[in-house]
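Q:
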Amino acid sequence: MDDEYEKFIRRMNPPRVVIDNESSENVTIIQVDSANKYGILLEVVQVLTDLNLIITKAYICSDGRWFMDGNTGLLFSMSRIKMKKITNAVTLITLKGPESSFMSSRRASVDVKSGMEHTSIELIGSDRPGLLSEVSAILTQLKCNVVNAEVWTHNSRAAAVVQVTDEKTGGALTDPDKLTMVKLRLCPLLNGGNSYRKAKTVVSHGVAHTARRLHRMMFDDRDYELMSLNDKQTPHVNIVNWHDKEYSVVTIRCKDRPKLLFDIVFTLTDMQYVVFHGNVEAKGSEAHQEYCIRHIDGSAVKSEAEGQRVIQCLEAAIQRRVSEGLKLELCATDKVGLLAEVTRVFRENSLSVTRAEVTTKAGRAMNSFYVRCTSGYPVEPKIIDSIRKTIGKPLLRVKGCPDESNPGHKESSTSFLFGGLFKSRSFCNFGLVKSYN
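Per the UniProt record's numbering, residue 1 is the first one in the sequence shown, and the count goes up by one each step.
1) Cα-Cα, which of K178, T28 and V371 is closest to F346?
2) Between which residues of its own chain and D166 is the CB-CB distance below 6 Å, once the five residues before and five after are set aside?
3) Pick from G376, V398 and Q319: whose alpha carbon is nearest that of S386?
4) Can you check whether the CB of T210 is closer than 9 Å to the CB of N279?
5) May I ask you to report which of helix, strand or coil DSSP gives S204?
6) Going by C-alpha to C-alpha distance, which of I293, V151 and E341 sits closest to M218?
7) Compute the distance between the beta-carbons of S62 and S24, then report whether it is under 9 Å.
8) Could you have a look at E315 and say whether DSSP puts it in helix, strand or coil?
9) What number of angstroms, rounded off, separates the C-alpha of V237 from the C-alpha of L314?
10) So if DSSP puts E357 in a beta bridge, which residue, or which two residues, is it bridged to?
11) Over what stretch of residues does the alpha helix (DSSP H) that includes I86 continue unbroken?
12) How far does the alpha helix (DSSP H) with E134 in it reach, from first residue to last?
13) Find out if the Cβ-Cβ distance for the pair E306, R253 is shorter than 9 Å.
14) What is the DSSP secondary structure of K255, reduced to helix, strand or coil?
15) Am I right that I124 and K200 are in contact with their C-beta atoms under 8 Å? What's the rounded C-beta distance?
16) Taking the beta strand (DSSP E) that S24 falls in, what are its first and last residues?
17) Tell me whether P381 is buried or exposed, calling it buried when 16 or more other Cβ atoms sit within 10 Å of its Cβ.
18) Using a Cβ-Cβ cut-off of 6 Å (strictly less than) and excluding sequence neighbours within five positions of A137, which residues of its own chain qualify?
19) Checking the sheet assignment: what are the DSSP bridge partners for residue 439?
20) Specify, as a first and last residue, the run of the alpha helix (DSSP H) that T333 falls within.
21) Please report how far the alpha carbon of S375 lies from the alpha carbon of K57, in whole angstroms.
22) Quick one: what's got a C-beta closer than 7 Å to residue 438's C-beta in the same chain, skipping five residues either side?
23) Can you name the residues that DSSP bridges to T165?
24) Identify whether E290 lies in helix, strand or coil by the three-state DSSP scheme.
25) Secondary structure at S352, three-state DSSP: helix, strand or coil?
26) So is K85 buried or exposed if we call it buried at 16+ other beta carbons inside 10 Å?
27) What are the start and end residues of the alpha helix (DSSP H) that includes residue 438?
28) Let me know the secondary structure DSSP gives I383 once reduced to three states.
29) For E246, which residues of its own chain have a beta-carbon under 6 Å away from its beta-carbon, when the five flanking residues on both sides are left out?
30) Please list the terminal residues of the continuous alpha helix (DSSP H) segment that includes V265.
31) From T140 to H215, what distance separates their C-alpha atoms?
32) Taking only three categories from DSSP, how would you classify A35?
33) Taking the alpha helix (DSSP H) that H215 falls in, what are its first and last residues?
34) DSSP state of L396, grouped into three classes?
35) Kindly indicate the opening and closing residues of the beta strand (DSSP E) around V240.
36) Could you say which of E22, I60 and V47 lies nearest to C292 if we only look at CA atoms?
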């Protein structure tokens, strides 16, 4: 009955989506007005992110139960490629079509079960060089074909969501003995020497939004408690309380990248904070974001300890998907064991995978790897040449090394996007400022 009631409410108050492709030469403006339901902001951002759209600006405003009347609600400046508006008809229809409305993105939630197309394997444990190679080699030995996978590493921890099929049937793994063997063989690889953070392997036929699961796995693993060794990539996060409105104001400055907004909004939502107002802008290579938040119980941040935890969790969420190292792209005919072969070549050439995305479409494998030398030095061109000769030069492309520089910030102002609005207001600054200059 609850599901039917929710469907009824959704039909009575569907999100209103307006797409403006005329006002700007470079970007598409998308406006969403909807009932102010907890989690709706995350659902909207997830849909936009899953369509691989780049959000250059966003304005978020809500008041009470409903997003504010008039022309505001959620306002996004979007592009498929930076500084190029969306013209793809399929994308525009997806954004505006009733069957693909933002509320329907809940189909990708953790609780929804799939058919028998594949089996999902979730892994969390200690990171080390060659780990992905060993994991994929064991899956190949067990006659499992990796069709999709995403791997993140952060603060000496590694998390992965791997979707596999049975080599014999081409579908999900159904043999209980094989499922047990997958767990028994993979778990020891992830244990490492960490006595208080144990490895974990979960096998299921459920469908989960991959990025949500990776964030949740690392959050549960408490990766945010460890200090980052890469100060250049550490974001600037600040929290103050605005007593006049009983909000906490979170400001973030960091290097801009795709899917950054999703990572931040998911973390705030997952920690049970509601975003009432927000402003997001990318200026060059730097992202500026600011949010007025309250806990779902209606309170602002109550203590320095609570604020410090929010800061640590936001920092971790931003850094987990930071692309460190040289990007290599593989495009080849898919076959069982392909991932094991490629990652073995990386390992034999002393390269460690810091992040990976593996996809299979229409019999073609399209994989991206971020790699760095296990010695800590930049990857030498001769190593890449050797790897490309082994794998096949037409199959493996080098996309260049991301710029790891991050401008220092001398100031630690309370607010930069809502500055005029907050002047002469009453604030309580817990001193929850983390700035790395």
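Note that the Cβ used here is the ideal one computed from N, Cα and C, for glycine as well.
A: Reading from the atomic positions:
1) V371
2) L173
3) V398
4) no
5) strand
6) V151
7) no
8) helix
9) 8 Å
10) E150 and S368
11) Segment: none, I86 is in no alpha helix (DSSP H) and carries neither H nor E.
12) L131 to Q141
13) no
14) strand
15) 5 Å
16) Note, S24: premise wrong, no beta strand (DSSP E); not H, not E.
17) exposed
18) A340
19) In the structure displayed, the chain extends from 1 to 437; residue 439 sits before or after that span and is not available.
20) Element bounds for T333: not the alpha helix (DSSP H) but the beta strand (DSSP E), L326 to T333.
21) 39 Å
22) Since the first and last residues shown for the chain are 1 and 437, residue 438 lies out of range.
23) N145
24) strand
25) strand
26) buried
27) What is shown of the chain runs 1 to 437, which leaves residue 438 out entirely.
28) helix
29) A300
30) L260 to D270
31) 27 Å
32) strand
33) T210 to D220
34) strand
35) H236 to W242
36) I60
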